[in-house]
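The structure appears right after this line, and notes come after that.
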Amino acid sequence: MENKAILREWFERVDSEKTGSITATQLKSAFAIGNLEFPLSVVQQMIRMYDFDRNGSMSFEEFLALNKFLIKVSRLLSTLNSNRNRGFLGTDDVFEALNKIGFSLDSPAFYTACESFDQKKNGRFQLDDFISLCIFLQSARNMFNAFDTAKQGRVTLDLNQFVYCTASCRI
12 MENKAILREW FERVDSEKTG SITATQLKSA FAIGNLEFPL SVVQQMIRMY
62 DFDRNGSMSF EEFLALNKFL IKVSRLLSTL NSNRNRGFLG TDDVFEALNK
112 IGFSLDSPAF YTACESFDQK KNGRFQLDDF ISLCIFLQSA RNMFNAFDTA
162 KQGRVTLDLN QFVYCTASCR I
């Protein structure tokens with residue numbers, strides 16, 4: 012969805028309590044109506060990723076930022092699917108797609124991440140699997156960048172910082 016008025020209408024329907032923000036549970040239910048089945052933990056991570064005011068819920072403006080990310084990922088997946096006409100992505104496709112959106116991972120990191128987000132463990136990624144993986148990687152990148160203040164592509168963490176990072180990126 013790209014039209015702001017349509018998105019506003021959709022958001023207001025999801026915001027059943029009329030608070031001006033939506034919770035992870037409300038967002039998960041809304042995704043399910045659109046045939047996107049995300050675990051609650053992934054939806055919570057989406058909210059954490061775009062919860063700019065850190066209040067634990069998602070305002071309309073925060074939702075617009077999430078929507079922009081989801082459209083970008085969805086378009087990429089559609090392009091790859093239409094080229095291959097399979098309805099899913101294999102691991103080679105996932106690798107190519109991640110590189111196209113700026114996630115350049117080495118083989119061990121890539122395959123470990125794929126194993127974690129391939130829900131059916133069959134090497135086939137549906138849209139919701141791929142989005143979940145992208146949400147995790149974007150969260151991990153955001154956390155890494157917060158520690159990489161010199162922008163050198165390397166960080167040194169003590170145990171407390173490592174625990175903080177992994178807990179913050181959990182899905």
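Quick note: the sequence shown uses this note's numbering, first residue 12, plus one each step. For every residue, glycine included, the Cβ atom is placed at its ideal position computed from N, Cα and C. The structure presented is a predicted model; accordingly, all values stated were derived computationally and were not measured.
Asked: Beta-carbon spacing of C180, A151 below 8 Å; Found: yes
Asked: Cβ of L170 within 8 Å of any chain B Cβ; Found: Checking the listed chains, one finds no chain B in this structure; it contains a single protein chain.
Asked: For G67, the nearest candidate out of V54, S27 and W21 (CA to CA); Found: V54
Asked: Simplified DSSP state of S32, which is helix, strand or coil; Found: strand
Asked: Cβ shell of E73 (< 7 Å), same chain only, five flanking positions each side left out; Found: Y61, D62 and F63
Asked: DSSP beta-bridge partners of S115; Found: BP columns for S115 are empty, so no partner.
Asked: Three-state secondary structure assigned by DSSP to S70; Found: strand
Asked: Length at least 4, wholly inside the segment 89-169: the alpha helix (DSSP H) runs in chain order; Found: 102-111, 118-128 and 138-158
Asked: Whether A35 touches I58 by CB criterion (8 Å); Found: yes
Asked: Check: A43 C-beta below 7 Å from any heavy atom of the ligand MN; Found: With respect to the ligand MN, the structure offers nothing, as it holds no ligand at all.
Asked: Residue nearest to L116 in terms of C-alpha spacing, selected from S143, L148 and L87; Found: L148
Asked: Cβ neighbour criterion (16 or more within 10 Å) applied to L168; Found: exposed
Asked: Beta carbon of A43 nearer than 8 Å to that of V25; Found: no
Asked: Three-state class that DSSP yields for N46 in the structure shown; Found: coil
Asked: Separation of L47 from F144, as counted between CA atoms; Found: It should be pointed out that residue 144 corresponds to Leu in this sequence rather than to Phe. Straight-line Cα distance between these residues: approximately 14 Å.
Asked: Contacting residues, own chain, Cβ-Cβ under 8 Å from L87 (five flanking each side not counted); Found: A108, K111 and I112
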